[in-house]
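S.K.:
Protein chains: 6
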Amino acid sequence: MNVGELTRDEFENAVKNNPVGIFVIGAVEAHGPHLPLNADTIQPEWIAKELGRRMENILIFPSINYGLHSSTKNMPGTVSLTFDTMRALLYDVLVSAHEKGIDKFLIMTGHAGSGHMTACSEACKRFVRETDCKVMFLTDYDIAADSPDMKGIEGDGHGGMLETSRVLAIRPDLVKNIRPIGLYSDQGFMIRSSAEVCFPDGFAGDTSKASEEIGKRINAFVVDKLEEMIKNGLV
Amino acid sequence: MNVGELTRDEFENAVKNNPVGIFVIGAVEAHGPHLPLNADTIQPEWIAKELGRRMENILIFPSINYGLHSSTKNMPGTVSLTFDTMRALLYDVLVSAHEKGIDKFLIMTGHAGSGHMTACSEACKRFVRETDCKVMFLTDYDIAADSPDMKGIEGDGHGGMLETSRVLAIRPDLVKNIRPIGLYSDQGFMIRSSAEVCFPDGFAGDTSKASEEIGKRINAFVVDKLEEMIKNGLV
Amino acid sequence: MNVGELTRDEFENAVKNNPVGIFVIGAVEAHGPHLPLNADTIQPEWIAKELGRRMENILIFPSINYGLHSSTKNMPGTVSLTFDTMRALLYDVLVSAHEKGIDKFLIMTGHAGSGHMTACSEACKRFVRETDCKVMFLTDYDIAADSPDMKGIEGDGHGGMLETSRVLAIRPDLVKNIRPIGLYSDQGFMIRSSAEVCFPDGFAGDTSKASEEIGKRINAFVVDKLEEMIKNGLV
Amino acid sequence: MNVGELTRDEFENAVKNNPVGIFVIGAVEAHGPHLPLNADTIQPEWIAKELGRRMENILIFPSINYGLHSSTKNMPGTVSLTFDTMRALLYDVLVSAHEKGIDKFLIMTGHAGSGHMTACSEACKRFVRETDCKVMFLTDYDIAADSPDMKGIEGDGHGGMLETSRVLAIRPDLVKNIRPIGLYSDQGFMIRSSAEVCFPDGFAGDTSKASEEIGKRINAFVVDKLEEMIKNGLV
Amino acid sequence: MNVGELTRDEFENAVKNNPVGIFVIGAVEAHGPHLPLNADTIQPEWIAKELGRRMENILIFPSINYGLHSSTKNMPGTVSLTFDTMRALLYDVLVSAHEKGIDKFLIMTGHAGSGHMTACSEACKRFVRETDCKVMFLTDYDIAADSPDMKGIEGDGHGGMLETSRVLAIRPDLVKNIRPIGLYSDQGFMIRSSAEVCFPDGFAGDTSKASEEIGKRINAFVVDKLEEMIKNGLV
Amino acid sequence: MNVGELTRDEFENAVKNNPVGIFVIGAVEAHGPHLPLNADTIQPEWIAKELGRRMENILIFPSINYGLHSSTKNMPGTVSLTFDTMRALLYDVLVSAHEKGIDKFLIMTGHAGSGHMTACSEACKRFVRETDCKVMFLTDYDIAADSPDMKGIEGDGHGGMLETSRVLAIRPDLVKNIRPIGLYSDQGFMIRSSAEVCFPDGFAGDTSKASEEIGKRINAFVVDKLEEMIKNGLV
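Chains as they are written, first to last, in the working numbering: chain Y, 1 to 235; chain E, 1001 to 1235; chain D, 2001 to 2235; chain C, 3001 to 3235; chain H, 4001 to 4235; chain Z, 5001 to 5235.
1. Taking Cβ positions, are M2001 (chain D) and I2060 (chain D) nearer each other than 8 Å?
2. What's the call for R4236 (chain H), buried or exposed, on a 16-neighbour Cβ count within 10 Å?
3. Helix, strand or coil, according to DSSP, for F1203 (chain E) in the structure here?
4. Any chance the segment 5179 to 5196 of chain Z sits against the segment 3223 to 3233 of chain C, with 3 or more Cβ pairs inside 8 Å?
5. How big is the Cα-Cα spacing for L1138 (chain E) and K176 (chain Y)?
6. Check the Cβ-Cβ distances between K104 (chain Y) and every residue of chain H, and say whether any is below 8 Å.
7. Compare the C-alpha of S2063 (chain D) against each of D:T2078, D:I2107 and D:T2085 and name the closest.
8. Below 8 Å on C-beta distance, what does F1189 (chain E) contact in chain D?
9. Can you have a look at P2019 (chain D) and say buried or exposed, based on whether 16 or more other CB atoms are within 10 angstroms of its CB?
10. Quick one: which chain A residues come within Cβ less than 7 Å of F3083 (chain C)?
11. How big is the Cα-Cα spacing for Y91 (chain Y) and E99 (chain Y)?
12. So, with DSSP's three-state summary, where would you put G2021 (chain D)?
13. Do you know how far the Cα of S3147 (chain C) is from the Cα of I2058 (chain D)?
14. Would you report the Cα separation of F1221 (chain E) and V3079 (chain C), rounded to the nearest angstrom?
15. Among the residues of its own chain, which have a CB less than 7 Å from the CB of A3210 (chain C), if the five just before and after it don't count?
16. Can you pull the chain C residues whose beta carbon is under 7 Å from the beta carbon of E2005 (chain D), in chain order?
17. Tell me the DSSP bridge mates of K3125 (chain C)?
18. Measuring only the C-alpha atoms, how far is G3113 (chain C) from P3172 (chain C)?
19. When the Cα atoms are used, what is the spatial distance from T2109 (chain D) to I25 (chain Y)?
20. Could you tell me the distance, in whole angstroms, from the CA atom of F1105 (chain E) to the CA atom of A1030 (chain E)?
21. Check this for me: beta carbons of I3047 (chain C) and D3132 (chain C), under 8 Å apart or not?
22. If distances are taken between C-alpha atoms only, which option among Y:V28, Y:E196 and Y:G157 comes closest to I181 (chain Y)?
23. Is G1202 (chain E) near the ligand PLP, going by C-beta to nearest heavy atom under 7 Å?
24. Mind reading off the beta-carbon distance from A1027 (chain E) to G1067 (chain E)? Whole number of angstroms is fine, and I expect it under 8 Å.
25. Counting only Cβ pairs nearer than 9 Å, list the residues of chain E close to G2115 (chain D).
26. Please tell me whether D4132 (chain H) has its Cβ less than 8 Å away from any Cβ of chain Y.
27. Tell whether a beta-carbon distance below 8 Å holds between L3174 (chain C) and P3036 (chain C).
28. Going by alpha carbons, who is nearest to D4142 (chain H) out of H:I4102, H:N4017, H:V4223 and H:K4016?
29. I think H3116 (chain C) touches M3086 (chain C), with their Cβ atoms under 8 Å apart; what is that distance to the nearest whole Å?
30. Per DSSP, which residues does S3080 (chain C) bridge with? Please list them.
31. For G182 (chain Y), would you say it is in contact with chain E, using Cβ-to-Cβ distances shorter than 8 Å as the test?
32. Whose Cβ in chain Y lies nearer than 7 Å to the Cβ of M1075 (chain E)?
33. To be precise: take each residue of the segment 54 to 80 of chain Y, compare its Cβ to all Cβ atoms of chain H, and keep it if any distance is under 8 Å. Which residues remain?
34. Along the alpha helix (DSSP H) that carries F1105 (chain E), what are the first and last residues, could you check?
35. Could you tell me whether the Cβ atoms of S999 (chain E) and R2129 (chain D) are closer together than 8 Å?
36. Could you tell me which residues DSSP pairs with T3139 (chain C) in its beta bridges?
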């Protein structure tokens, strides 16, 4: 059930069953010349929807459409929150949803940058300490990267074969008819004011290997894994 | 154009034309027994989409799906940000979008509570002082309330005839088949810890007068007015 | 009783009767060429004093002499706090006064700008949520604007006929011997970095209609209404 | 000139002469059984007024009526700000007054607690670093304590002979007809949650030695010294 | 050169050569039953000292002795900062050292928790954006984990074979005569209020394989690598 | 016992005896041409160590090596925290150490600037209010200044005869072979953006009178006094 489409009373009834509340955290972020800026929203939203289709007792909240970006911060189209805003935003919605009776949460972010992940996990940790709710926080990217299709693939990352395949499987109309190759330029431990130097092409990976079929398999793999994790961890 | 569906390069090109960036601020808020929680998202998103259809050079950013709620804060289904988070969130996206070349903004919020409006306007004011960008900030509710169909209607407010009609015109499937009457209980100048006492029914107005036709006229009235305002103020 | 003029022990005794504590919030703000900068302090201080004269069990605290200004911020003589400072200041004095045994408060601000009002009401709301004290928060301007003398008067606002009359009735020596006319220039929904453009004359209204007699009637009207409100809401 | 009583245009003219702006910081603080809660407001306000009478080109701003209290925090009648609020409040008014053309400031606080003094001096230091304005910050208490009448007096402090004499010289009607003796109980370096243990009587000193005559001499001494300091430091 | 042991003038001279400033971030953190609480201070301090011995133009600042801890937060002996304090602390010392003429920094933390790393890297990123200084930020743990001695070792982590060997090589007197085995209990993506459940033994790894010789080799490997990195990145 | 050198279990055992936890706050601060930058760390660390040698049940935590500096802020070698960071840092370590079972604390700072002292005492006060722990907060400088050797010495202060003697007694190798004379230039109540004008020589006092013997006597005096104070206040 999409929380936004429920009435007050339908929500109140739904909460009585001790549901899992899902918050998707999307992004508006440059993903190379071939993928749409909302690639990190499309992917976890599809996963959430599929989980909602498969499982009982799932409440999908409207997405948080913005995240915290570092290495792609200066690229055209990226819209980034600051660390403190991202942390406060997630904390606030968790607190407010919990006040309305939700005690179990899956927070799934499409974007997986380390600053972003910490901002979100700091919010989750504080929330869990204060409420003792059950919270699972993850990026679907990490699960997808463990899928059989990614075995042996090296140098694939932001906007690469994995993401291109997944978006092709969900919204092929939003993927351009180019399959470029992007390199990752390791900066070692140097902190760069122009952090985008690590992505000279704006993304990393060989997208010529991407396909809708692979994307479908990866997406299904993610849903399978998550269904299992939710059953073990949240239900 | 929906920003989220553009690639990095399409965004970069679009920005060259000095477009108006639109941010819709929605809400997850109890709207009585008949309307969906996302009523305040549906309405301005429809308006933004229609403006994008009518006018050249409009960039619609993904919606901010949460707002700040006071009188409905404790009702089932309402998910509220705190004042500082709402203010920081809007400020951050404006700053980041401006860094990417947008200089003109329409910020349109569906929810119109006074704390929410001030949180947003404080963000806008700081942003304008620092950047000298052109910013128009409003709630489409205020414009709708000036439409001819609302002449002489008294006591209509949150979740009332106006909102019911507008949602009926956009997403009739989300409106329940009841047309209840809600009273507003004036608390004078008392600050209430249970602010919801001002909405004993959870909404205010006589929704039996609501209709899809009225909603369509009101929505068209809002788009007309906004098109004119944008042409006068932002273009 | 003026709290400042009490000794520690007199205060302690006064608190035993469960009094209403009054905090006046004044301002240092440009009010056109005819009115003093402290017009917004003079008016509510007079009202508070009169309430103290009429009613038992009223404790008037020293005034908060500064407020938050937006549209007059850049005018000569205006001294403005920031939003967060205004909110913190009011919150702090409420908390501290409550720790000393006051459970009922009237907070009356002379200035009535929307940012200022929200800063104060956010402080009040947080305080009420945390303490369950009884708090009435208002600007005497709003009550004055409902007085019979203002019926049919249009375009009167900041520093206009209403305020000129009221200050004439309290401190005629501080009103200059000019009765200018000031226009309000509506900026629609545009956020202006030079917000003072809405007051090209620095005030709004036709002060030629102002008089001490009108001011006295309005002031009496405000005291009458407040006395009633306090009796209904706080006592 | 009292800033509050000036019009916008009078203020603008006054600023052209590069005046010294005076901000008095008062307090609402328990001062034993004999002195009023606003003792720390009365004293510096009188000094400021006298300076304004003696010197040209002085602008006296409305007082900040609340301060930060530590050892008297829990006593009846004390109303205290927190450290951050006190610091922000003084910083804000300095910044705003400077934006209106004042470049030289005397900030005079009646209360002299160490936390309060640091909150104010931190605000002043930041302000001076950012603007290079001339700022003199002091408590008139420190100057008064150097007056000839205080030579050889030991154990006199908060609410003692010095303050009692000074208030007697300014507002004798507010001093009770008792002249108690208060001891100071040294707590060494222990941080006490009940900081008032250092003032078992609520004040410190032998007030039987206080008199209006002494107060007048001390007040005159303070004004003389300040006039000299202002001439050397600010003019 | 140890900054703390220099005089003002020696420091001023040293800075003229455009040196690399090194800040070690240590910790007070439980490391199992066998290692001292300051294990994460001892290791990077030794590395810094050795770098200072080998290279010209190195200024070693006094260590920051506390870090941010999450999974070991509740264990006996761990003393943790909050995220915002850690971030502010590192930012402040960088800004202040840069104001004194240092433009190149190596920040080396012994503790490597993800929240801690992000707090530090957020400070570094802000500092680099604002000053364009050269900053290298790393944990010596990550380099050590790449040493040949760690090839093929699995399940070694906090307080394990790697750390035990390294501390044995530096301060053998602080290592207890036990070589316990600690398991890591993977919590998947669950956020735990008792985060220490992931370290049921308080550390992870088979310390029976630890030795002073291995520690010496690893420490030398880290110094070699860092010397090279500094030469490539900072000199 | 040095906390850093204890294992988790040794710490846990030590805490059972209800020990006094000592936090030394040092500094990196210019102390004239003759003393090392860490003079304010060396002195209280030696005192803490000696207290640990003399008394049972003392736990010495790793030092906080940075403080807040105002008048020496711009001098070569000084590294300063901001007020809020210093306050947060001390508060955090106290809270975290208390969560691990310490209820009695001696916080001893070498640096004694008034802003620094208030930042620390504000942290201590908040901590004591929230936990009711026993906390003694002081600078060893203040005790040293009361020693017989300082009787009749005038104009001695930062980096003067007292500090030179004490450092000579502890680390003579770090004191240069010069004994300069430094003047203090009183700025009255003026807030200076270049606060270092009060120390034209960078320190204050006649160091030609300094000697190791005097330093030893002063250091012993401080330890004697502190031992007594701890026994009276904390044990």
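Built from N, CA and C at the ideal position, the CB exists for glycine as well. No experiment lies behind these values; they were computed from the predicted model shown.
M.R.: Inspection of the coordinates gives the following:
1. Reading the third sequence from its first residue, position 1 is the one you call residue 2001 (chain D). Reading the third sequence from its first residue, position 60 is the one you call residue 2060 (chain D). Yes, they are a contact pair.
2. Only positions 4001 to 4235 of chain H appear in this structure, which leaves residue 4236 (chain H) out of reach.
3. Taking the second sequence and counting its residues from 1, one reaches residue 1203 (chain E) at position 203. DSSP places F1203 (chain E) in coil when its eight states are reduced to three.
4. yes
5. The residue labelled residue 1138 (chain E) in the question sits at position 138 within the second sequence. The residue labelled residue 176 (chain Y) in the question sits at position 176 within the first sequence. Near 36 Å, if we compare the C-alpha coordinates of K176 (chain Y) and L1138 (chain E).
6. Sequence index remark: in the first sequence, residue 104 (chain Y) carries index 104 (1-based). No - not a single Cβ of chain H is within 8 Å of the one on K104 (chain Y).
7. For the purposes of this step, residue 2063 (chain D) is taken as residue 63 along the third sequence, with counting starting at 1. Cα-wise, what sits closest to S2063 (chain D) is D:I2107.
8. For the purposes of this step, residue 1189 (chain E) is taken as the residue at position 189 of the second sequence. The contacting residues are M2136, F2137, L2138, M2229 and G2233.
9. Position 19 of the third sequence, counting from 1, holds the residue named residue 2019 (chain D). The residue is buried, with at least 16 neighbouring Cβ atoms inside 10 Å.
10. Included in the structure are the protein chains Y, E, D, C, H and Z, with no chain A among them.
11. The residue you call residue 91 (chain Y) lines up with position 91 of the first sequence. The residue you call residue 99 (chain Y) lines up with position 99 of the first sequence. Answer to the nearest angstrom: the Cα atoms are 12 Å apart.
12. In the third sequence, residue 2021 (chain D) corresponds to position 21, counting from 1. Strand.
13. To locate residue 2058 (chain D), count along the third sequence from 1; it is residue 58. To locate residue 3147 (chain C), count along the fourth sequence from 1; it is residue 147. Between I2058 (chain D) and S3147 (chain C), the C-alpha separation is close to 40 Å.
14. Looking up residue 1221 (chain E) in the second sequence gives position 221. Looking up residue 3079 (chain C) in the fourth sequence gives position 79. Near 53 Å, if we compare the C-alpha coordinates of V3079 (chain C) and F1221 (chain E).
15. The sequence position of residue 3210 (chain C) within the fourth sequence is 210, counting from 1. Cβ within range, chain order: M3161, T3164, S3165, L3168 and R3179.
16. Walking along the third sequence from the start, residue 2005 (chain D) turns up at place 5. What E2005 (chain D) touches in chain C: P3036, N3038 and L3174.
17. Residue numbering aside, residue 3125 (chain C) sits at position 125 when the fourth sequence is read from its first letter. Beta-bridge pairing links K3125 (chain C) to no other residue.
18. For this step, residue 3113 (chain C) is matched to residue 113 along the fourth sequence. For this step, residue 3172 (chain C) is matched to residue 172 along the fourth sequence. Their Cα atoms are separated by approximately 25 Å.
19. If you number the third sequence from 1, residue 2109 (chain D) lands on position 109. If you number the first sequence from 1, residue 25 (chain Y) lands on position 25. If I take the Cα positions, the gap works out to 42 Å.
20. What you label residue 1105 (chain E) is simply residue 105 of the second sequence in a count that begins at 1. What you label residue 1030 (chain E) is simply residue 30 of the second sequence in a count that begins at 1. Using only the alpha carbons, I get a separation of about 28 Å.
21. Position 47 of the fourth sequence, counted from the first residue, corresponds to residue 3047 (chain C). Position 132 of the fourth sequence, counted from the first residue, corresponds to residue 3132 (chain C). No, the pair does not count as a contact, with Cβ atoms beyond the cut-off.
22. Locating residue 181 (chain Y) in the first sequence gives position 181, where the first residue counts as 1. It is Y:G157.
23. With respect to small molecules bound, the structure shown includes none, and the ligand PLP cannot be examined in it.
24. One-based indexing of the second sequence puts residue 1027 (chain E) at position 27. One-based indexing of the second sequence puts residue 1067 (chain E) at position 67. That pair is a contact at about 4 Å.
25. Walking along the third sequence from the start, residue 2115 (chain D) turns up at place 115. Those are T1118, S1121, E1122 and K1125, listed as they occur along chain E.
26. Against the fifth sequence, residue 4132 (chain H) aligns to sequence position 132. It does; some Cβ of chain Y falls within 8 Å.
27. Indexing the fourth sequence from 1 puts residue 3174 (chain C) at position 174. Indexing the fourth sequence from 1 puts residue 3036 (chain C) at position 36. Closer than 8 Å, so yes.
28. Here the question's residue 4142 (chain H) lines up with position 142 in the fifth sequence. For D4142 (chain H), the nearest C-alpha among the options comes from H:V4223.
29. In the fourth sequence, counting from the first residue as 1, residue 3116 (chain C) sits at position 116. In the fourth sequence, counting from the first residue as 1, residue 3086 (chain C) sits at position 86. Sure, about 7 Å apart at Cβ, within 8 Å.
30. Working through the fourth sequence from its first residue, we reach residue 3080 (chain C) at position 80. Looking at the DSSP assignment, S3080 (chain C) forms a beta bridge with C:G3067.
31. Translated into positions along the first sequence, residue 182 (chain Y) becomes position 182. Taking Cβ atoms only, chain E never reaches closer than 8 Å to G182 (chain Y), which makes this a no.
32. Within the second sequence, numbered from 1, the residue matching residue 1075 (chain E) stands at position 75. By Cβ distance, chain Y contributes R8.
33. S70
34. Sequence index remark: in the second sequence, residue 1105 (chain E) carries index 105 (1-based). Segment K1104 to T1109 is the beta strand (DSSP E) holding F1105 (chain E); no alpha helix (DSSP H) there.
35. The structure shown does not extend to residue 999 (chain E), since chain E spans only 1001 to 1235, so no value can be given for it.
36. Sequence index remark: in the fourth sequence, residue 3139 (chain C) carries index 139 (1-based). DSSP, once it has assigned bridges, lists C:T3109 as partnering T3139 (chain C).
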